[in-house]
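I have placed the structure first, in the form of structure tokens, so that the comments after it can refer back to it.
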Amino acid sequence: MSISASIGKQDQVDCATTINVKAVRRRTINNDSINTDNINDFITANSQINNESNYQDKHVKSEHLTTFELNDLATTDNIDFKLTPVLIDVEQSSFEETLGVVPNTDDPNVLCLTFRSWTLGIICAAIPAVINTYLFLEGKTYIFFGDHFVLLIYPVGRFFAWILPTHTWFKNRRFAFSLNPGPFTIKEHTVIYSMIYMGAQSVPAVDLFIYRASLPENEAPSAPHYIIGLLLVISTQMIAFGLAGFLRRLLVWPSEMIWPWNFPFMVVIRTLNETESPLSTRWLGLTRRRFLVFVLTISFVYRWFPSFIFPMLTTFPWWCLIKPSSTRLSQVTGPNGLAMGLFPLDWLTIAPGQIFHLIPPWWAYVNMIIGFVLVAWFIIPILYYCNVANWASLPVTGLNTYPVIDHSDQLQRTITVAIVNYIFWGSCLALFLHTILFHSRDLWKYARTSLHNRQNDVHCTLIGKYKEAPGWVFGILFTVTLLTACLICHFTHFLPWYYVITATCIGTAFIVPIGLLQALSGIFIDPSYIVYFISGFIFHNQPMQLATFYILLYGMQFQALGILTNFKLAHHMKVSPQSMFITQITATIIGATMNFIIMQYEISNVCNVNTNVTCRTQWLGQATTFATSDLNKLYGLESVYPSLIWVMVAVAVLPLFIWIAHKFWPQIKWLRFIHIPIMFGYLPNLQSGASGYLSLPMWFLLGFIFYKVIRRWWFERYAFLLVMILSIGSYYADFFIYFIFTYRNATFPTWWGNQKNVCPLATASANGSFPTTSD
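Heads up: the sequence shown begins at 0 in numbering that gives the first Met the number 0, then just goes up one per residue.
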């Protein structure tokens, strides 16, 4: 028997906390049998507890508590059982986003590792790995994300549950087996998605072999045997598992580490697999499933216009159309300039790649928009049009390098690249300082607390009933894979073994602050720019060693953060940690193996870099640039703008002054919301041109609408679902557009709305000329 409840405007899908958590701190429910006759007594006692507290929760108020839902405290739907002591998480109400997203219940009898989940997980992990590698090697731009499959898993899983035989082999034995043990479950859905996520992850070590093949024969080390190469690819991926295992107690188990990145996926999975209460308040009478179908249809149909029929909608440069002959107007408002005043009408321009809106908290939005406006709309235009450092002789944006007039041995970058790089490098250093000043005490506390000691966290209480993957397993995995990578890199002359260890140490140092920031705010700071910078100084004129060092350092960071994200997804969805560990290992090996096989086939049979000039030059990218350029003359004291080094230093030490101010004036509440790494962490996106300049203002606008204008209950019910389905619908449309038209070089008939460059002067210098690059 199950008891349904209406808790204010929260429904059963929301699974919000149903009692005043502050008033019942560390109280447990006795192991007394509860039946339907004493529920009213239990509700009365709970109301008395609420009346004792002055705490007013903005989401769960005592006057809305009309019935009590046992499912929020128990682990099954049967009320005629003895309740296991469950501790209510006193901290959970501090994280508003988790109340309507993360389930507070669990049924340990729900299966997650079944024939269905293994079959679908393995197949779907291999598909994006194969397609992404093939398209990448063919020079195509389309990418498969795990998001593509999160909706498709559900109908396929239901189909498997309908068609597979239900016979059980070895019944009443310890190892009973069935192809179809029952209905498709939410935990199966979660496991399959996590396998797809790991399979779709990029495998940077594959690029290492492509880069080796693209180098001249006298500069490239000899190609290792296929088995040796595959072991290197797998070992570089597996090193990250060991690091992630060590960091679980810091970045996964604490309730403060909410990992907002998972919220849209959890909402979609729960919307598809859970039944919504008929008593819940609905917008326009739409259930979440109907809302999902409605938004998916609209986004799929609309995406055909900006992506294929009417591409000008992606930026809509209406200012340039007024006077395209004006250089300054084109630079300031053009898509390839500062893009001021443009209003994109394309969702994937606003949210490129796998970026989701509404994940960061409001204070993070404010920090980002302050940094963006300060740099993009004030500092860059003022310095550019004042011709500081002769920047007005170059385009205002662009990634090219240019020779300095009368100084042939010096190079200069556009003002956007120069300013952004120095400020961003300073913000990366500030991230370390901010972590030490503001989070060191908490990290020390987390390091001394195990999963089972977190008695005030309901999610730890529920997940603690499952067996955790032992720490020694991660230790052995880390040691073996690191040793394998050291030996292979050293004896194949890719990189000396001690530099492999150095890359691992530096990568670990980056993972903690970057992972902490992502776990708390959902914001990812990409360290690739500073990693290239560090690698360039260490391996000058050694492109192969630089590429190997960079791939090891950056690849293990990216992989470890993805693993930690999935660990927290399993934590919130109450999937057994051992099950998640096994499936992630399997999916990673499958993804790495398929990437390597496709890469070897393409290089040997399709894109022979020894004979095909196009393929040969395709991979001579930033690694060669950073290895062959004199970075001291490009960015150091001998550069055209050595004074910008002090800007980097100033940004790096800003958290210290904020921390001191917070200590002296604790009554100023807004001081604790100033976050320098978040404020300037977005800036590297400005180097990409229009998408970088257009995205953040639109993020802020949407954040303001949803956080400050639309009612909170609407936000909790629909916001994460909205942004996720808008992205998925757009991806599905792009999939059909790409493979039906773009892949075959078919285009829409030319008309005014699909002109490619309506602001050609946006890439000119201030005087309208186009300077010669040194690239």
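Beta carbons are placed, not taken as given, at the ideal position from N, Cα and C, and that holds for glycine.
Looking at the unbroken beta strand (DSSP E) that takes in valine 757, where does it start and where does it end?
-> Along the sequence shown, read from residue 1 onward, the residue named residue 757 stands at position 758. Looking at the DSSP string, valine 757 is not in any beta strand (DSSP E), and its letter there is neither H nor E.
Would you please state the rounded distance, in angstroms, between the beta carbons of phenylalanine 158 and alanine 199? I believe it to be under 8 Å.
-> Mapped onto the sequence shown, residue 158 falls at position 159. Mapped onto the sequence shown, residue 199 falls at position 200. About 22 Å separates the two Cβ atoms, so there is no contact after all.
Can you tell me whether serine 768 is buried or exposed, with buried defined as 16 or more other CB within 10 angstroms of its CB?
-> As a first step, residue 768 is located in the sequence shown; it is residue number 769 there, counting from the start. Counting Cβ neighbours within 10 Å, serine 768 comes out exposed, since fewer than 16 surround it.
Check whether proline 576 and alanine 586 have beta carbons under 9 Å apart | Reading the sequence shown from its first residue, position 577 is the one you call residue 576. Reading the sequence shown from its first residue, position 587 is the one you call residue 586. The answer is no: Cβ separation not under 9 Å.
Helix, strand or coil: which one does DSSP assign to tryptophan 168?
-> If you number the sequence shown from 1, residue 168 lands on position 169. Three-state result, tryptophan 168: strand.
In three-state terms, what does DSSP make of tyrosine 465?
-> The residue you call residue 465 lines up with position 466 of the sequence shown. If DSSP states are grouped into helix, strand and coil, tyrosine 465 belongs with coil.
Ignore the nearest five residues each way along the sequence and tell me which others in valine 648's own chain have a CB closer than 8 Å to its CB.
-> Locating residue 648 in the sequence shown gives position 649, counting from the first residue. So the qualifying residues of the chain are Gly425.
Through-space distance from leucine 242 to isoleucine 505, alpha-carbon basis = Here the question's residue 505 lines up with position 506 in the sequence shown. Here the question's residue 242 lines up with position 243 in the sequence shown. Roughly 12 Å separates the two Cα atoms.
Can you tell me the Cα-Cα spacing of asparagine 171 and leucine 163, whole angstroms?
-> By one-based count along the sequence shown, residue 171 stands at place 172. By one-based count along the sequence shown, residue 163 stands at place 164. Those two C-alpha atoms are separated by around 21 Å.
Looking at C-alpha atoms only, which residue of Leu486, Tyr634, His147 is the closest neighbour of isoleucine 778?
-> Shown here, the chain extends from 0 to 774; a query on residue 778 therefore has no answer.
Does the beta-carbon distance from asparagine 131 to serine 201 come in below 9 Å?
-> Counted from its first residue, the sequence shown places residue 131 at position 132. Counted from its first residue, the sequence shown places residue 201 at position 202. It is a contact, given that the beta carbons lie within the stated cut-off.
Using a threshold of 9 Å, state whether the C-beta atoms of proline 253 and tyrosine 421 are closer than that.
-> Indexing the sequence shown from 1 puts residue 253 at position 254. Indexing the sequence shown from 1 puts residue 421 at position 422. The answer is no: Cβ separation not under 9 Å.
Return the chain-ordered list of same chain residues with a C-beta closer than 6 Å to the C-beta of histidine 674, the five sequence neighbours on each side being excluded.
-> Here residue 674 refers to the residue found at position 675 of the sequence shown. Closer than 6 Å at the Cβ level, and outside the excluded window around histidine 674, lie Asn366.
Is it buried or exposed for serine 439, if we count other Cβ within 10 angstroms and need 16 for buried?
-> Stepping through the sequence shown from its first residue, residue 439 is reached at position 440. The residue in question, serine 439, is exposed, as its Cβ has fewer than 16 Cβ neighbours within 10 Å.
Check whether the Cβ atoms of alanine 518 and glutamate 218 lie closer than 9 Å to each other.
-> Counted from its first residue, the sequence shown places residue 518 at position 519. Counted from its first residue, the sequence shown places residue 218 at position 219. No. Outside cutoff.
Over what stretch of residues does the alpha helix (DSSP H) that includes tyrosine 225 continue unbroken?
-> Against the sequence shown, residue 225 aligns to sequence position 226. Segment 225-245, the alpha helix (DSSP H) holding tyrosine 225.
Check each candidate in Leu482, Ala591, Thr564 and name the one with the smallest Cα separation from leucine 250.
-> Locating residue 250 in the sequence shown gives position 251, counting from the first residue. Comparing Cα positions, the closest option is Thr564.
Select from Phe148, His433, Thr97, Lys139 the residue whose C-alpha is nearest the C-alpha of tyrosine 192.
-> In the sequence shown, the residue the question calls residue 192 occupies position 193. The shortest Cα separation from tyrosine 192 among Phe148, His433, Thr97, Lys139 belongs to Phe148.
Would you identify the three-state DSSP class for glutamine 686, choosing helix, strand or coil?
-> Along the sequence shown, one-based indexing puts residue 686 at 687. In the structure shown, glutamine 686 sits in a helix (DSSP, three-state: H, G or I).
Boundaries of the alpha helix (DSSP H) in which tyrosine 401 is found, first to last residue | The residue you call residue 401 lines up with position 402 of the sequence shown. Premise fails: tyrosine 401 lies in the beta strand (DSSP E), 400-403, not in any alpha helix (DSSP H).
Which value, in whole angstroms, describes the spacing of the CA atoms of threonine 434 and proline 654?
-> Counting from one through the sequence shown, the residue named residue 434 turns up at place 435. Counting from one through the sequence shown, the residue named residue 654 turns up at place 655. If you take the alpha carbons of threonine 434 and proline 654, they lie about 9 Å apart.
Glycine 177 bridges to which residues according to DSSP?
-> Locating residue 177 in the sequence shown gives position 178, where the first residue counts as 1. One point to set straight first is that residue 177 is serine, not glycine, in the sequence displayed. DSSP, once it has assigned bridges, lists Thr167 as partnering serine 177.
What runs of the alpha helix (DSSP H), each 4 residues or longer, lie entirely inside the stretch 653-737?
-> 675-680, 689-703
Inter-residue Cα distance where the pair is glycine 554 and threonine 270 | Mapped onto the sequence shown, residue 554 falls at position 555. Mapped onto the sequence shown, residue 270 falls at position 271. When rounded, the distance between both Cα atoms is 33 Å.
With a CB to CB cut of under 8 Å and the five nearest residues on each side skipped, what residues in its chain are close to glycine 470?
-> Indexing the sequence shown from 1 puts residue 470 at position 471. For glycine 470, where only same-chain residues beyond five positions count, the Cβ hits under 8 Å are Gly244, Phe245.
Minimum C-alpha distance to threonine 415 - residue among Arg289, Val374, Val457, Phe431 | Indexing the sequence shown from 1 puts residue 415 at position 416. The shortest C-alpha separation from threonine 415 is found at Val374.
By how many angstroms is the C-alpha of asparagine 108 removed from the C-alpha of glycine 521?
-> For the purposes of this step, residue 521 is identified with residue 522 of the sequence shown, where counting begins at 1. For the purposes of this step, residue 108 is identified with residue 109 of the sequence shown, where counting begins at 1. Their Cα atoms are separated by approximately 32 Å.
Option nearest lysine 464 by Cα separation, candidates Thr448, Gly514, Lys573 = For the purposes of this step, residue 464 is taken as the residue at position 465 of the sequence shown. Ranking the options by Cα distance to lysine 464, first place goes to Lys573.
For arginine 327 and glutamine 754, the rounded distance between their alpha carbons | Taking the first residue of the sequence shown as 1, we reach residue 754 at position 755. Taking the first residue of the sequence shown as 1, we reach residue 327 at position 328. Taking the straight line joining both Cα atoms gives about 21 Å.
Quick one: using the 10 Å Cβ neighbour count with 16 as the cut-off for buried, is aspartate 76 buried or exposed?
-> In the sequence shown, residue 76 corresponds to position 77, counting from 1. Its pLDDT being 33, under 50, aspartate 76 is placed unreliably by the model, and the measurement read from it follows with that caveat. Its Cβ having fewer than 16 others within 10 Å, aspartate 76 is exposed.
Leaving out five residues before and five after glycine 804 in sequence, what residues of the same chain have Cβ atoms less than 6 Å from its Cβ?
-> With the chain covering 0 to 774 only, the question about residue 804 has no answer from this structure.
So, do the stretch 307-323 and the stretch 334-348 have three or more beta carbon pairs nearer to each other than 8 Å?
-> yes
Hey, how far is the Cα of phenylalanine 625 from the Cα of tyrosine 210?
-> Here residue 625 refers to the residue found at position 626 when the sequence shown is read from its first residue. Here residue 210 refers to the residue found at position 211 when the sequence shown is read from its first residue. Straight-line Cα distance between these residues: approximately 14 Å.
Touch check for the stretch 660-674 and the stretch 495-515: three-plus C-beta pairs under 8 Å?
-> no
Mind pulling the alpha helix (DSSP H) runs of 4 or more residues that sit fully within the stretch 243-269?
-> 247-250
Isoleucine 524, buried or exposed, once every other Cβ within 10 Å from all chains shown has been counted against 16 = Position 525 of the sequence shown, counting from 1, holds the residue named residue 524. Buried is the call here.
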